[in-house]
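Residue numbers (this note's numbering): 9 to 212.
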């Protein structure tokens, strides 16, 4: 069976993904990366005084540095995604009431989805971000209630998944990577991983 170009580049390395997100697991698999899931004890502290790009990079770096079991020939990937609307941070809802408030806030308006990604091995750490603009149609209360009750989007920044029902019926326009809205800027990750492996090999 043919191997993908990225699998070939990463053939000497073991890739670790520190994430519980099923969307990130799916996307990483689809771009041709074999990986192992790992966990850490990182506790997020949201500094809303930071610009959104700095916020997501800091969070992804924090997740990376909280994992202290890296060994030679391993590459750790950590990611954090937030929604930014009207110059305000929007994270994951704590309950149904907050999810409904967030979706009513985003209804009929543009918002930005930021993802920060950090790559790390024993010697090198490299971070980058991506941003996507999303325009929602105006939602009815019935639509919001149906989506929350059916999909329970409590693990998702902005209280929605672009790949779910609300995304199908609600996204009117998008500027940037759709996959970034799902939680992983795959196009940038692909190129950054290639550069990262080259840096590692040059340092060996």
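No residue lacks a Cβ here, since even glycine has one placed at the ideal position from N, Cα and C.
If distances are taken between C-alpha atoms only, which option among the options comes closest to residue i?
| i | options | result |
| --- | --- | --- |
| residue 30 | 171, 57, 202, 51 | 171 |
| residue 185 | 120, 11, 62 | 120 |
| residue 147 | 61, 32, 112 | 112 |
| residue 81 | 131, 59, 65, 174 | 131 |
| residue 56 | 32, 98, 11 | 98 |
| residue 90 | 125, 79, 104 | 125 |
| residue 32 | 160, 180, 191, 58 | 191 |
| residue 116 | 50, 152, 200, 78 | 152 |
| residue 103 | 161, 28, 24 | 161 |
Measuring straight from C-alpha to C-alpha, what distance separates residue i and residue j?
| i | j | result |
| --- | --- | --- |
| residue 48 | residue 206 | 27 Å |
| residue 155 | residue 178 | 11 Å |
| residue 53 | residue 67 | 8 Å |
| residue 22 | residue 202 | 14 Å |
| residue 166 | residue 128 | 28 Å |
| residue 15 | residue 41 | 6 Å |
| residue 196 | residue 87 | 13 Å |
| residue 45 | residue 110 | 30 Å |
| residue 76 | residue 145 | 44 Å |
| residue 204 | residue 101 | 34 Å |
Mind checking residue i: buried by the 16 CB within 10 Å criterion, or exposed?
| i | result |
| --- | --- |
| residue 26 | buried |
| residue 163 | exposed |
| residue 123 | buried |
| residue 96 | exposed |
| residue 158 | exposed |
| residue 72 | buried |
| residue 20 | exposed |
| residue 79 | exposed |
| residue 13 | exposed |
| residue 59 | exposed |
| residue 10 | exposed |
Give every residue of the same chain whose Cβ lies closer than 7 Å to the Cβ of residue i, excluding the five residues on either side of it in the sequence, and list them in chain order.
| i | result |
| --- | --- |
| residue 183 | 140, 141 |
| residue 175 | 168, 169 |
| residue 94 | none |
| residue 208 | 129, 132 |
| residue 114 | 93, 144, 166 |
| residue 74 | 48, 49, 50 |
Cutting at 6 Å between CB atoms, please list the residues of its own chain near residue i, excluding the five before and the five after it.
| i | result |
| --- | --- |
| residue 194 | 35, 39, 187 |
| residue 181 | 143 |
Can you tell me which residues form a DSSP beta bridge with residue i?
| i | result |
| --- | --- |
| residue 86 | 26, 126 |
| residue 158 | For residue 158, which the question treats as bridged, DSSP gives no partner whatsoever. |
| residue 96 | 93 |
Give me, in chain order, the residues of the same chain whose beta-carbon lies closer than 8 Å to that of residue i; leave out the 5 immediate sequence neighbours on both sides.
| i | result |
| --- | --- |
| residue 200 | 125, 127, 134, 136 |
Under 8 Å: does the beta carbon of residue i sit that close to some heavy atom of the ligand ATP?
| i | result |
| --- | --- |
| residue 138 | Here there are no bound small molecules, and the ligand ATP is not part of this structure. |
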